[in-house]
Amino acid sequence: MRHFTHLKDFTIDELDKIIDEAVRLKKAPASKRSSLTGRSLAFCFMNPSLRTQVSFSVATASLGGHPVTLSLGSGGTWGMESVEGTVMDGAAAEHLKEAVPVLGRMCQGLGLRSFPAGKSWAEDKAEPALAAFIKYSTVPVINMESASGHPCQALADLMTIRERMKPKGRNFLLSWAPHIKALPMAVPNSAVEIASMAGMNVTIARPEGYDLDAEVMARVKKNCAANGTKLTITDDAAGAFEGQHVVYGKSWGSLAEYGKPPSADPLFRKKWTISSAKMKKTANGIFMHCLPVRRNLVVDDSVLDSPMSVVIDEAENRLHTAKAVLLHLLASQPKRATAAARRHRK
Ligand code: CP
């Protein structure tokens, strides 16, 4: 049984094949509409979502399946515990050790969104809730954004790039941006990882102290070396835009000062906000962002409202790639949860 939880578990050929299927589904949305008949999927959210929630729900229904969306621990279901051996005398009424296998008896696939707590990167990096889902699940698990990655977003990102250019040899810039919160690193991690896998030259522009996780960067470095492409890390907020074909704007929190929001100094913000003046330096580059985005803080209206911005296409592609991920994971799985559960018990 295969999960879709981390990009590192896949080759670029496998990811490209999933995107090829998404491209076919985008052209023929009514095709494969019976592929998930008789299958139910539980999409579990520990944090807010618009695109991920709607895309997986609509994708499942469009393929003939039944989506169940759950807000874990926020009134919709019981509060969940993930730590093994803990005395459960706190807010959590149920352990994932029971909840996940129960969902697996009723559903043929599970999705989880679980953001980092923001207190300790070492603890967050262990992704306790996602790890528990993977450990206790008898059915495929989809990572709908964890502390370290957002592979579903990355698929839609690469699909969006492929719609406009052949990625190989093109220049991809991840530009850090200001924010009022210390945001997770999942999206920027996955964005640079998939760009490096796809054979793009990768530049990361960020202030000092905002380097991405070393393990992710080691994989990006290895991918660039294998593909003969360049990896550049810079604090030149404007100069980094020179000659870029893709600009991916995103804020993330500092690992050096974990959990602390970025500076609100107006000059610092102005330096890092993505503007038309910066975009003019690119090689007719496109602007990407996973959304939601804070206008005139992360990126100026003049960029978001211009033809340079592909953020709505990028969001739409979440639907087509969600369908492709579901088909990839479930097409060869048994229809009844009980069959999977029986195998698990043997
Ligand atoms: N990009 C993304 O994952 O959007 P949501 O947080 O709204 O799901």
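No gaps in the numbering here: position 76 of the sequence shown is 76 in the working numbering, and each next residue is one more.
The C-beta atom is built at its ideal place from N, Cα and C for all residues, glycine as well.
- When DSSP builds the beta bridges, which residues end up paired with Ile233? Ile204
- Message: Going by the DSSP bridge assignment, what does Ala42 pair with across the sheet?
- Response: Val68, Leu110
- Message: Let's test the definition: count the other Cβ atoms within 10 Å of the Cβ of Pro188 and tell me whether it reaches 16, buried, or not, exposed.
- Response: buried
- Message: Quick check: does the Cβ of Thr52 come within less than 7 Å of any heavy atom belonging to the ligand CP?
- Response: yes
- Task: Spatial neighbours of Phe241 within its chain, please: CB distance less than 6 Å, with the 5 preceding and 5 following residues excluded, ordered by chain position.
- Result: Lys278, Lys281, Thr282
- Query: If you follow the beta strand (DSSP E) that Asn296 is part of, which residue opens it and which one closes it?
  - Reply: First-last for Asn296: undefined, no H or E at that position.
- Evaluate Ile312 with the Cβ neighbour count: other Cβ atoms within 10 Å of its Cβ, from every protein chain shown; 16 or more gives buried, anything less gives exposed. exposed
- To the nearest angstrom, report how far apart Asp124 and Ser137 are at their CA atoms. 21 Å
- Could you spell out where the beta strand (DSSP E) holding Trp176 opens and where it closes? 171 to 176
- How would you label Ser160, buried or exposed, when you count the other beta carbons within 10 angstroms and need 16 or more for buried? Looking at the sequence itself, residue 160 is Thr, so the reference to Ser does not match. With 16 or more Cβ atoms within 10 Å of its Cβ, Thr160 is classed as buried.
- DSSP puts His95 in a beta bridge; with which residues? Glu81
- Task: Report the rounded CA-to-CA distance for Leu158 versus His320, giving the unit in angstroms.
- Result: 12 Å
- Which same chain residues, not among the five before or five after Ala256, have their C-beta less than 7 Å away from its C-beta? Gly209
- Item | For Asn171 and Val192, the rounded distance between their alpha carbons | 11 Å
- Message: Rounded to the nearest angstrom, what separates Gly259 and Ser148 at their Cα positions?
- Response: 15 Å
- Taking all protein chains shown into account, do 16 or more other C-beta atoms lie within 10 angstroms of the C-beta of Thr52, making it buried, or fewer, making it exposed? buried
- Task: Give me the Cα-Cα distance between Cys107 and Ser82, rounded to the nearest whole angstrom.
- Result: 20 Å
- Message: Along the chain, where does the alpha helix (DSSP H) containing Phe133 start, and where does it finish?
- Response: 128 to 136
- Are the CB atoms of Ile286 and Ser175 nearer to each other than 8 Å? no
- Is the Cβ-Cβ distance between Arg33 and Leu63 less than 8 Å? yes
- Query: Within 10 angstroms of its Cβ, does Lys266 collect 16 or more other Cβ (buried), or is it exposed?
  - Reply: Correcting the residue identity first, residue 266 is Pro in this sequence and not Lys. Answer is exposed; the Cβ neighbour count stays below 16.
- Message: Below 7 Å, is the gap between the Cβ of Glu145 and the nearest heavy atom of the ligand CP?
- Response: yes
- State buried or exposed for Asn284, treating a residue as buried only when at least 16 other CB atoms are found within 10 Å of its CB. exposed
- Query: Which stretch, first to last residue, makes up the alpha helix (DSSP H) that contains Asn227?
  - Reply: 214 to 227
- Task: Assign Asn296 to one of two classes, buried (16 or more other C-beta atoms within 10 Å of its C-beta) or exposed (fewer than that).
- Result: exposed
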